[in-house]
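Numbering-wise (the working numbering), the sequence shown opens with residue 17 and increments by one.
See below for the structure under consideration.
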Amino acid sequence: MSGLPTVDSHLHLWCLGRSRYGWLDSVPELKRTFTAAQARTELDAAGVAEAILVQADDTLEDTGFLLETADAEPWIRGVVGWIQLDSPARAGAQLDQWLESDKFCGVRHLVHDDPRDGFLALAPVRESLSLLAAAGLPFDVPDAFPRHLGAAADLAGALPELTVVVDHLGKPPLTDPDAMARWRRELTACAGRPNTVAKLSGLHIPGAEYNASALAPVFHESLELFGAERLMYGGDWPVSVLSGGYQQTWQVLKELIETLSPAEQDNVLAATARRVYRRGTVA
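Following this line, the structure appears as structure tokens:
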């Protein structure tokens, strides 16, 4: 693993003066601004070269803030932002606006916070996602289990030209064996669609141990399902502040990734993210 470049495929920044971030009301420890300078300090300590920023609020203001930040920071390789997927006309206009920046590289919607269980199957949403596919942009699905992991597999089947990114392995319910069986079936269905990829990120589960031994089963299962060429590392900072911070997250996943072959490590650490988000080579 020594010397291999690393792209963190899942890094957040937020500015409380720019967007509402309503979900932070229930997480007071994170209800403060997190800056690019703070993130760079964490990445430097871990030896991580570059990162993809991922939206944290379903607003144009949040995406605008991320793109402005990325334009000023060469180490930020891209931004996964937001468009209004349930309105194809607005989604198309917003997509055109964001694509004026060469840092815009994908779209995400906070499906786990959306009250509509069938959001990913809505006809307007599917129409908007077809626009993404036509533009060659992937779609990230966050915290998909239990409401949306099966729907993500259905979406990938319905739109085979769209790359569907399953964030955080769909959030495996590590402390619930019965729920894990369902998660396993639904993740297997996702992996069965060749246009899906997944992130080794956000695996701090409340009540579950976070160490290499505890995560080894889901790590190896995801590797068997997707292959290293469809997996990518993500630090999920600053959400990871709740569970030990960036360095602990990195060290645990690094220990697991180091068990792979050099080619597999390169895929998980950088090549998959570069390919999915069309970011070229690491500087």
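A virtual CB, placed ideally from N, CA and C, is assigned to each residue, including glycine.
Fair warning: this is a prediction, and the values are worked out from it, not measured in the lab.
- Per DSSP, the beta bridge partners of I92 are A67.
- By alpha-carbon distance to A86, the top candidate from P44, V70, L101 is V70.
- Here V213 really is in contact with T179; their C-beta atoms are around 7 Å apart, less than 8 Å.
- The beta-bridge partner set that DSSP reports for F50 consists of W30.
- In the displayed model, S117 falls within coil according to three-state DSSP, outside both helix and strand.
- Counting C-beta pairs closer than 8 Å gives fewer than three between the stretch 28-36 and the stretch 222-231, which falls short of the contact rule.
- The beta carbon of Y293 lies closer than 8 Å to those of S25, I68, R93, G94, V96, C121, G122, P154 in the same chain, with the five residues before and after it left out.
- With a beta-carbon spacing of about 5 Å, H164 and V127 fall inside the 8 Å limit used to define contacts.
- Under the three-state reduction of DSSP output, S25 falls in the strand class.
- In the displayed model, T85 falls within a helix according to three-state DSSP.
- The Cβ neighbour count for K119, taken over all protein chains shown within 10 Å, is at least 16; the residue is labelled buried.
- With a threshold of 16 other beta carbon atoms within 10 Å, R132 falls short and is exposed.
- The Cβ atoms of A172 and L111 lie no closer than 8 Å to each other.
- If the five residues before and after L241 are omitted, its C-beta is found closer than 7 Å to the C-beta atoms of L203, T204, A207, all from its own chain and listed in chain order.
- Nearest neighbour of I99 by Cα position, chosen from S146, L59, E58, P90, turns out to be S146.
- In the structure shown, the three-state DSSP call for A244 is helix.
- Remark: C-beta atoms of S238 and L247 approach each other more closely than 8 Å.
- By the CB criterion at 8 Å, L190 and L269 fall outside the cutoff.
- In the three-state DSSP reduction, V123 falls in the strand class (E or B).
- Apart from sequence neighbours up to five positions away, the residues of its chain that approach Y262 with a beta-carbon distance below 7 Å are E58, A62, G251, W253, S256, ordered along the chain.
- Membership of D156 in the beta strand (DSSP E) is indicated by the continuous run 155-157.
- Straight through space, the alpha carbons of S259 and T265 are spaced by roughly 8 Å.
- Pairing T22 with L285 gives a Cβ-Cβ distance under 8 Å.
- At the C-beta level, D156 and D129 stay beyond 8 Å of one another.
- Restricting attention to A168, V181, L185, the CA atom closest to the CA of P233 is found in L185.
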